[in-house]
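Read the structure below first, then the notes.
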Amino acid sequence: MIGALNRGFRHVGHMVIDGVWKLGVATRFSWFVMSRSTECVRRAQLLLNEVYFTGTLSLIIIIVSGLFVGLVLGLQGYETLKRYGSAEALGTLVALALVRELGPVVAALLFASRAGSAITAKIGIMKATEQLSAMEMMAVDPFARVLSPIFWGGVISMPLLAAIFSAVGVFGGYLIGVVIIGVDSGAFWSQMQANVDLQEDILNGLIKSVVFGIAVTLISLFEGYDAPPTAEGVSYAVTRTVVTSALVVLALDFVLTSFMFTGV
Amino acid sequence: MKRTTVDLWVGVFVTAGLVALLTLALKVGNASTVSASDGYSVFGQFENIGGLKARAPVKSAGVVVGRVGGISFDDQKFSARVTIRIDKRYKFPKDTSASILTSGLLGEQYIGLDAGADSASLNEGDEIKITQSAVVLEKFLYGKAAEGGTKK
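One line per chain: the protein sequences are A and F, in this order.
Quick note: the first sequence uses our numbering, first residue 1, plus one each step.
Quick note: the second sequence uses our numbering, first residue 1, plus one each step.
Below, the structure written as structure tokens:
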């Protein structure tokens, strides 16, 4: 009985210390990645390849999900607003929901599962097959040559993807609200423009997506680099990337929202 | 410089992203509407501003002519001091009155300007003398209830 309790405490303590330790390593790792960024300025092609990999290849999933999220928002929003006789506010509802929250958050979640998992798998396997060590043997810094371009590629792609998501979503809301249901087109756009603020809403949404881009890419890189060099280790690392990214994005979203939209 | 296919696709992606941002700024946001940064400020003292917020529209005859610049509390007169920024295209007479109105039943509050007849017009830093406070629902209802009570 005492022994089992003792083991339980020891297990919890071990987990806490391990978590803090890992966070420290992750911080040092992040600093390494950022401090070796000069290589991607010098060799833009490295960066471009990563933007292509994380950004362009994620376009389809972002556009399609953005459209459907916009369609659903339009439909649900209309059903609710109709009861209060203010169906014209549909444009405001769709645009604010997308620009402030859904655009950055859902794009970041999709980004984590589409690009983040691929990054982790790539780095994990490069490490397992000792490609990173081989680079070091040839005096090529893997941080400067591989990790840092991926980081900056993700940071550049994420805000653009979130903007595309929001824009396509607004179009989806327009499609359902105006084209299919028949809300007045002028009221839809003018109410939207009157209530969506450039700084308050759009700029803050952009800041959110940049923060999410940094967080998701760093988590993906770190999990890949930290993965045990086995098939199982890499597979666990990919899972951890998606789970941790999702949790971190949602938690950061709450923190950022409470800073940005304090109900002024 | 050698052109690769990757460059083309990155170009497509970045263009799409920037177009989306521009659409959000111009079509969804209010970057294209009256910014009122190019204008002049006048002040008004209100007994009660209700739910008026900074950046709320300032309308005259229903047309947006400016924005509320800032709201502060004046502890000399114990009233609210509202800065109104008006687009420089529009000139208003000195005896213009300002009232706090509500758009629709549940809509947001805005400032309505009613032009007077003075020949001189409002300039930077002038004060609007005639102001009408926001209607606070409770005060209005209690006022009506008191009126009802005296009639009996």
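Cβ atoms here follow ideal geometry from the backbone N, Cα and C, with glycine treated the same way.
Remember, it's a predicted structure, so these values are computed and weren't measured experimentally.
The beta carbon of Thr54/A sits closer than 6 Å to the beta carbons of Ala115, Gly153, Gly154 and Ser157 from its chain, once the five residues preceding and following it are set aside; these are given in chain order. The alpha-carbon of Ser121/F is positioned some 15 Å away from that of Ile130/F. No Cβ of chain A is located within less than 8 Å of the beta carbon of Asp38/F. In the structure shown, Lys59/F falls within a strand segment according to DSSP collapsed to helix, strand and coil.
If you draw a straight line from the Cα of Gly124/A to the Cα of Ser117/A, it comes to about 10 Å. Here DSSP, grouped into helix, strand and coil, assigns Tyr84/A to coil. Gly177/A has a beta carbon lying at 8 Å or more from every beta carbon in chain F. Within chain A, not a single residue places a beta-carbon under 9 Å from that of Arg3/F; the smallest gap is close to 11 Å.
Chain A has no Cβ within less than 8 Å of the Cβ of Val42/F.
DSSP, reduced to helix, strand and coil, places Tyr90/F outside both helices and strands of the structure shown, so it counts as coil. Judged by beta-carbon spacing, Ala98/F lies within the 8 Å limit of Ile84/F, meaning their Cβ atoms are closer than that value. Scanning the region 89–123 of chain A for uninterrupted alpha helix (DSSP H) segments of 4 residues or longer gives 90–96 and 103–111, listed from N- to C-terminal end. If you look at Phe43/F, you'll find it in the beta strand (DSSP E) that goes Gly39 to Phe46. Look at the region 81–106 of chain F: it has no residue with a C-beta under 7 Å from a C-beta of chain A. Runs of the beta strand (DSSP E) spanning 3 or more residues and lying entirely within the region 32–63 of chain A do not occur at all. For Phe73/F, no chain A residue has a C-beta closer than 8 Å to its own C-beta; the minimum C-beta separation is roughly 16 Å. Listed along chain F, the residues sitting closer than 7 Å to Met192/A by beta-carbon distance are Val28.
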